[in-house]
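Quick note: the first sequence uses this note's numbering, first residue 23, plus one each step. Where is the CB? At the ideal position from N, CA and C, for every residue including glycine. For reference, the structure is listed below as structure tokens.
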Amino acid sequence: MNIFKHYEAVVRAILADLTAAGKLPEGLDTGKLTVEPPRDASHGDLSTNAAMVLGKQARMAPKALAELIAEALRARGEVTAVEVAGPGFINLRLSPDVWRAGVADILRVGTTFGDSDLGQGRKVNVEYVSANPTGPLHAAHGRGAVFGDALASLLKKAGFDVTREYYINDAGAQVEVLARSAMLRYREALGEKIGEIPAGLYPGEYLSDVGAALAARDGDRWLRIDETEALAAIRDFAISDIMETIRDDLLALGVDIEVFTSERALVASGAVDAALRTLEERGLIYVGVLEPPKGKKPDDWEPRPQTLFAATKFGDDVDRPLKKSDGSNTYFANDIAYHLDKYRRGFAEQIDVWGADHGGYIKRMQAAVKAVSDGAAELDVKICQLVHLMQNGEPVKMSKRAGTFVTLRDVIEEVGKDVVRFIMLTRRNDQTLDFDFAKVTEQSKDNPVFYVQYAHARCRSVLRHAAARLEGVDLASVDLSPLTGEEEMNLIRRMATWPRLVEAAAEAHEPHRVAFFLGDLAADFHALWNRGKDDATLRFIVEDQPALTVARLALVQAAALTLASGLQVLGVEPAEELRA
RNA sequence: GGACCCGUAGCUCAGCUGGAUAGAGCGCUGCCCUCCGAAGGCAGAGGCCGAUGGUUCGAAUCCAUUCGGGUCCGCCA
Numbered sequence: 023m024n025i026f027k028h029y030e031a032v033v034r035a036i037l038a039d040l041t042a043a044g045k046l047p048e049g050l051d052t053g054k055l056t057v058e059p060p061r062d063a064s065h066g067d068l069s070t071n072a073a074m075v076l077g078k079q080a081r082m083a084p085k086a087l088a089e090l091i092a093e094a095l096r097a098r099g100e101v102t103a104v105e106v107a108g109p110g111f112i113n114l115r116l117s118p119d120v121w122r123a124g125v126a127d128i129l130r131v132g133t134t135f136g137d138s139d140l141g142q143g144r145k146v147n148v149e150y151v152s153a154n155p156t157g158p159l160h161a162a163h164g165r166g167a168v169f170g171d172a173l174a175s176l177l178k179k180a181g182f183d184v185t186r187e188y189y190i191n192d193a194g195a196q197v198e199v200l201a202r203s204a205m206l207r208y209r210e211a212l213g214e215k216i217g218e219i220p221a222g223l224y225p226g227e228y229l230s231d232v233g234a235a236l237a238a239r240d241g242d243r244w245l246r247i248d249e250t251e252a253l254a255a256i257r258d259f260a261i262s263d264i265m266e267t268i269r270d271d272l273l274a275l276g277v278d279i280e281v282f283t284s285e286r287a288l289v290a291s292g293a294v295d296a297a298l299r300t301l302e303e304r305g306l307i308y309v310g311v312l313e314p315p316k317g318k319k320p321d322d323w324e325p326r327p328q329t330l331f332a333a334t335k336f337g338d339d340v341d342r343p344l345k346k347s348d349g350s351n352t353y354f355a356n357d358i359a360y361h362l363d364k365y366r367r368g369f370a371e372q373i374d375v376w377g378a379d380h381g382g383y384i385k386r387m388q389a390a391v392k393a394v395s396d397g398a399a400e401l402d403v404k405i406c407q408l409v410h411l412m413q414n415g416e417p418v419k420m421s422k423r424a425g426t427f428v429t430l431r432d433v434i435e436e437v438g439k440d441v442v443r444f445i446m447l448t449r450r451n452d453q454t455l456d457f458d459f460a461k462v463t464e465q466s467k468d469n470p471v472f473y474v475q476y477a478h479a480r481c482r483s484v485l486r487h488a489a490a491r492l493e494g495v496d497l498a499s500v501d502l503s504p505l506t507g508e509e510e511m512n513l514i515r516r517m518a519t520w521p522r523l524v525e526a527a528a529e530a531h532e533p534h535r536v537a538f539f540l541g542d543l544a545a546d547f548h549a550l551w552n553r554g555k556d557d558a559t560l561r562f563i564v565e566d567q568p569a570l571t572v573a574r575l576a577l578v579q580a581a582a583l584t585l586a587s588g589l590q591v592l593g594v595e596p597a598e599e600l601r602a
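In structure tokens:
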């Protein structure tokens, strides 16, 4: 249960009563009304801005209105104190029993704690990674992969019907380059001397494997037929081989994407032409000449008439080309068809996760989605900023030309998938992130993964120690009234904010908030733990006090479950124990 | 020239979509292990939230202007 939501409903009910009694005018806009934990805990347990939001509308002084609401709140038994503070905040304190009931609640629902019906089962499509199928994933892809995956889990927890999707760009010029590069390696595998890889082709070693696999399967048959035909076959072989590698790499990262959509198949189905017709019918396509980009005129610029989409009607800065000067479709045209396809599959809410270099593409894509769905579909684009790989504070040198880029697979094997996942989420998506191999595996509190895992492991350790006492005890129904300590209540209150955080993070599409929450929760637990260092009566297990001990163990169990619930969203396995 | 993102403690970053006295980690100072894992915890110092205007009961948060840093900029993908 979400205690803040609950009291928001209570406040709304009070307002309705006041309106019915004629003390408030009808039709007040309560859209901005909130019930939140106050920033400063000394102000109370909950705080509402109701009086300040409504004061002006109701033509009442906020403080006077606050008193009216406060009076009604005081009448409730479980509310132990209500005060009006500052410009009109209403602060309330709740009986400890209310908070303790939250603990019992967690124990009943387990790691589903925090689940919400916010999404009402609405369909959402999260498209992420979508790396070109021309080589294995590199380290930077990992961020988008983790971000998209955690966002999908978060939305699912918040009650959305989520589909994870990957768009395979297998229709552009880059896969033709791939075909020729693979062809070369294929001939090499058949014994030919190929020498230097010519400029313009992909030099990566992984293509040797592709060539060898093809040679092993088909012998030299592709050298004996028409080259165009052979290249098409080799292209398809290479793509499916590389996609298999990509899928494996993603699985190693715990990323399991359900839907893979092929651009080539989409084009072949006629979807692009259909999408363009849709725009045509709406009068959003015309032939025109674009201005050169200011201040950065390409050398070979010459004005050309092109088929353009009227993106400016939907908030973009300029209209965007749909067809190249040779008459073929642009990538943008294919992308429009793809997003229309998603919409037709029932996704009125779409999220794309892109790399930092695609920032300039957002507006036109959003414009296109609006246009093609007649305003019914909404596209949110999340940009993941760069990841700087470091080793002890020194940047890891990478060079595409020398082929010395770090693959995602390398990173996972070096530090483990849980570390990769957690660290990738310790920064907001639009902030660049340093990933230091030395730091992320360090076992100390500067390492957030470790810090959170350590808290969970400590919980499990306590419960293991107490296993004998817990035989036949149902923690969910034990008497929790012995839980009275300050650190205990802090921990309990922190856990109670989890359902609220899930909703806020899901609405904002910001999974990193979960990682920060877990850090805070872990800190509360470590603080509580250390109280037992100073004062033996504050330990979890107190020899001659079974009732107290069992209550505290219930709290420990609830903390472990809350940590696990959050880690589950991040796709990180909660640790049972940590070893040096 | 334009678009988008970022400017918050010495450093790395949060800041709950506008709330009360702006937070955390590192680093610095000083404490806490005969005791469930000190791989932790407690306390202290450290701030004109880049700058200037505006919006309102109230601004780090929203708007405008401006200064720094990053990403990108016909038909590439």
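What ranges does the alpha helix (DSSP H) occupy inside the segment 147 to 208, keeping only unbroken runs of at least 4 residues that lie completely in it? Restricting attention to alpha helix (DSSP H) runs no shorter than 4 residues, the segment 147 to 208 encloses them at 161 to 179, ordered along the chain.
Residues bridged to Lys27 [DSSP beta-bridge criterion]: The sequence position of residue 27 within the first sequence is 5, counting from 1. According to DSSP, which records beta bridges pairwise, Lys27 is partnered with nothing at all.
Answer yes or no: do Met387 and Ile128 have a C-beta to C-beta separation smaller than 8 Å? For the purposes of this step, residue 387 is identified with residue 365 of the first sequence, where counting begins at 1. For the purposes of this step, residue 128 is identified with residue 106 of the first sequence, where counting begins at 1. No, these two residues do not count as a Cβ contact at 8 Å.
If I'm right that Pro470 touches Ala558 with Cβ under 8 Å, what's the distance once you round it to whole angstroms? Residue numbering aside, residue 470 sits at position 448 when the first sequence is read from its first letter. Residue numbering aside, residue 558 sits at position 536 when the first sequence is read from its first letter. Wrong, their Cβ atoms sit about 31 Å apart, outside the cutoff.
Across which residues does DSSP place Asn512 in a beta bridge pair? Taking the first residue of the first sequence as position 1, residue 512 is located at position 490. Beta-bridge pairing links Asn512 to no other residue.
So within the segment 49 to 99, which uninterrupted beta strand (DSSP E) runs reach at least 3 residues, ignoring any that extend past its ends? Segments of the beta strand (DSSP E) lying fully in the segment 49 to 99: 68 to 70.
Top-ranked residue by Cα proximity to Arg122, from Ala527, Glu100, Ala63, Gln453: By 1-based counting over the first sequence, the position of residue 122 is 100. Just measuring C-alpha positions, the residue of Ala527, Glu100, Ala63, Gln453 sitting nearest Arg122 is Glu100.
Where do the ends of the beta strand (DSSP E) carrying Tyr308 lie? Translated into the one-based positions of the first sequence, residue 308 becomes position 286. Its beta strand (DSSP E) spans residues 307 to 311.
Using a Cβ-Cβ cutoff of less than 6 Å, which residues in the same chain neighbour Glu105 once the five nearest sequence positions on both sides are dropped? For the purposes of this step, residue 105 is taken as residue 83 along the first sequence, with counting starting at 1. Closer than 6 Å at Cβ, skipping near neighbours: Asn113.
Taking a contact to mean a Cβ-Cβ separation below 8 Å, would you say Ala172 touches Gly593 in this structure? By 1-based counting over the first sequence, the position of residue 172 is 150. By 1-based counting over the first sequence, the position of residue 593 is 571. Result yes, Cβ atoms of Ala172 and Gly593 sit closer than 8 Å.
Would Ile603 and Gly124 be called neighbours here (beta carbons separated by less than 8 Å)? Nothing about residue 603 can be reported from this structure: the residues present for the chain run from 23 to 602 only.
Unbroken beta strand (DSSP E) run spanning Ile405, endpoints: By one-based count along the first sequence, residue 405 stands at place 383. Per DSSP, Ile405 belongs to the beta strand (DSSP E) from 400 to 406.
Could you have a look at Glu525 and say whether DSSP puts it in helix, strand or coil? The residue labelled residue 525 in the question sits at position 503 within the first sequence. Helix.
Use the C-beta contact count for Pro327: other C-beta atoms within 10 angstroms, 16 or more gives buried, fewer gives exposed. Counting from one through the first sequence, the residue named residue 327 turns up at place 305. Using a 10 angstroms sphere on the CB of Pro327, the tally of other CB atoms stays under 16, which defines it as exposed.
One question on the structure: do Val32 and Leu55 come within less than 8 Å of each other, judged by their Cβ atoms? Locating residue 32 in the first sequence gives position 10, where the first residue counts as 1. Locating residue 55 in the first sequence gives position 33, where the first residue counts as 1. No.
Cβ-based burial, Ile279 [other Cβ within 10 Å; buried from 16]: Mapped onto the first sequence, residue 279 falls at position 257. Buried, because 16 or more other Cβ atoms sit within 10 Å of the Cβ of Ile279.
Can you name, in chain order, every residue of its own chain whose Cβ lies under 8 Å from the Cβ of Leu583, other than the five neighbours on each side? Here residue 583 refers to the residue found at position 561 of the first sequence. Excluding positions up to five away in sequence, the list reads Ile128, Leu129, Gly132, Thr133, Phe135.
Gln579 lies in the alpha helix (DSSP H); which residues open and close that run? Here residue 579 refers to the residue found at position 557 of the first sequence. Taken as a continuous stretch (DSSP letters only), the alpha helix (DSSP H) holding Gln579 covers 568 to 592.
First and last residue of the alpha helix (DSSP H) that includes Ser483? Taking the first residue of the first sequence as 1, we reach residue 483 at position 461. It spans 470 to 487 - the alpha helix (DSSP H) in which Ser483 sits, taken as one unbroken run.
Relative to the alpha-carbon of Glu371, which residue among His548, Ala528, Ser350, Gln79 has its alpha-carbon at the smallest distance? For the purposes of this step, residue 371 is taken as the residue at position 349 of the first sequence. With distances taken between Cα atoms, Glu371 lies closest to Ala528.
Between Glu218 and Gly226, what straight-line distance do the alpha-carbon atoms span, to the nearest angstrom? On the first sequence, position 196 is the one that residue 218 refers to. On the first sequence, position 204 is the one that residue 226 refers to. So the alpha carbons of these two residues sit roughly 12 Å apart.
Compare the beta carbon distance of Arg186 and Val281 with 8 Å and say whether it is the shorter of the two. On the first sequence, residue 186 is found 164 positions in, with the first residue counted as 1. On the first sequence, residue 281 is found 259 positions in, with the first residue counted as 1. Less than 8 Å separates the beta-carbon of Arg186 from that of Val281.
Segment limits, alpha helix (DSSP H) that includes Asp456: As a working mapping, residue 456 is identified with position 434 in the first sequence. Per DSSP, Asp456 is not a residue of any alpha helix (DSSP H); the beta strand (DSSP E) it occupies stretches across 455 to 458.
Should Gly305 go down as buried or exposed, given a rule of 16 or more other Cβ atoms within 10 Å for buried? Stepping through the first sequence from its first residue, residue 305 is reached at position 283. Around the beta carbon of Gly305, fewer than 16 other beta carbons lie within 10 angstroms, which makes this residue exposed.
Does Glu105 come out as helix, strand or coil in the three-state DSSP assignment? In the first sequence, the residue the question calls residue 105 occupies position 83. Under the three-state reduction of DSSP output, Glu105 falls in the strand class.
Under DSSP, the beta strand (DSSP E) around Gln465 begins and ends at which residues? Within the first sequence, the letter at position 443 stands for residue 465. Segment: none, Gln465 is in no beta strand (DSSP E) and carries neither H nor E.
Could you check where the beta strand (DSSP E) with Glu371 kicks off and where it finishes? Walking along the first sequence from the start, residue 371 turns up at place 349. Boundaries of the beta strand (DSSP E) harbouring Glu371: 371 to 377, taken from the DSSP string.
What residue range does the beta strand (DSSP E) around Arg115 cover? Residue mapping note: residue 115 aligns to position 93 of the first sequence, counting from 1. Annotation: the continuous beta strand (DSSP E) that includes Arg115 extends over 111 to 116.
By the 10 Å Cβ neighbour count, where 16 or more other Cβ atoms means buried, how is Ser262 classified, buried or exposed? Along the first sequence, read from residue 1 onward, the residue named residue 262 stands at position 240. By the neighbour-count rule (16 or more Cβ atoms within 10 Å), Ser262 is not buried but exposed.
With DSSP as the reference, label Leu411 as helix, strand or coil. Taking the first sequence and counting its residues from 1, the one referred to as residue 411 is at position 389. Note: Leu411 maps to strand in three-state DSSP.
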